[in-house]
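Residue numbers (this note's numbering): 183 to 377. Here a beta-carbon is modelled for each residue, glycine too, at the ideal position from N, C-alpha and C. Notes to accompany the following structure.
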Amino acid sequence: MATGFSDTFAGKVIAVTGAASGIGRAVALYLGERGAFLALSDVQKEELEKVAADIVAAFPHAKAVASVVDVRNGNAVKEWISSTFKTFGHLDGAANIAGTGGNYSPTPLETQEDEDWNFVISINLTGVMMCLREELKVLADGGSIVNASSILGLQGGFSTGLSAYTASKHGVMGLTKMAAREYGHRNIRINSINP
183 MATGFSDTFA
193 GKVIAVTGAA
203 SGIGRAVALY
213 LGERGAFLAL
223 SDVQKEELEK
233 VAADIVAAFP
243 HAKAVASVVD
253 VRNGNAVKEW
263 ISSTFKTFGH
273 LDGAANIAGT
283 GGNYSPTPLE
293 TQEDEDWNFV
303 ISINLTGVMM
313 CLREELKVLA
323 DGGSIVNASS
333 ILGLQGGFST
343 GLSAYTASKH
353 GVMGLTKMAA
363 REYGHRNIRI
373 NSINP
């Protein structure tokens, strides 16, 4: 895991959603290696706790606190960010990575189930909004937030069955642009990644 200590983020408090696996896990490890104090969240409790323990064991200069948080639950997000602020005294940045592809079955939009649509939108778009809303209440001026969108947030889907996912990621792009405009006066940078 370690490639050598770099203090790029030493003492910076950063909240990361979706930290138990994939891109969220990679972001958490990257930041931990560089000395960040991390508030990690995910719905996968065991995997999340392992990531936090791995960070603390591999990078003694880092801190990592794991919290099980479902980003679809506004109260849970509010409690997590509030607890993060109380624990560390400030918040310098966030990486809103939690997301889902939903049901990847190749079915056309006309057969899209409400339940599948709502599930994907509630995590990928509404979850990002809920996190942004709480993070921006306590984020230090000059802070930075990165939201996970997708290449499908920049263009249409490459196959059928991706309507909810594509719509959610286009929504993240719009939300990110609007939030960046609203909070630019505080030198807060809000951007997206589009894997």
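Where Ser332 is concerned, there is no enclosing alpha helix (DSSP H), because DSSP gives it neither an H nor an E.
In the structure shown, Ser326 adopts extended strand secondary structure according to DSSP, grouped into three states. Straight across, the Cα-Cα distance linking Val250 with Leu336 is about 31 Å. Straight-line measurement puts the Cα of Val198 at about 11 Å from the Cα of Val310. Distance check between Met360 and each of Ile333, Asn329, Thr348 places Asn329 closest, using alpha-carbon atoms only. Annotated as distal: Ser332 and Arg254, with beta-carbon spacing of 8 Å or more. Within the same chain, Gly284, Asn285, Ala346 come within 7 Å of Asp298 by CB-CB distance, once the 5 residues on both sides are set aside.
Rounded to the nearest whole angstrom, the CA to CA distance from Ala218 to Pro290 is 44 Å. Assigned with DSSP and collapsed to three states, Phe191 falls in coil, not helix or strand.
By DSSP's assignment, Asn278 forms a beta bridge with Thr199, Asn329. For Ser374, DSSP records a beta bridge to Asn329. In summary, Asn306 is buried, with 16 or more beta-carbon neighbours lying within 10 Å of its beta-carbon over all protein chains present. For Phe267, the secondary structure class from DSSP, reduced to helix, strand or coil, is helix. With respect to Glu229, Ser203 sits close: the two C-beta atoms are nearer than 8 Å. The criterion of a C-beta distance shorter than 8 Å is satisfied by Ala210 and Ala201.
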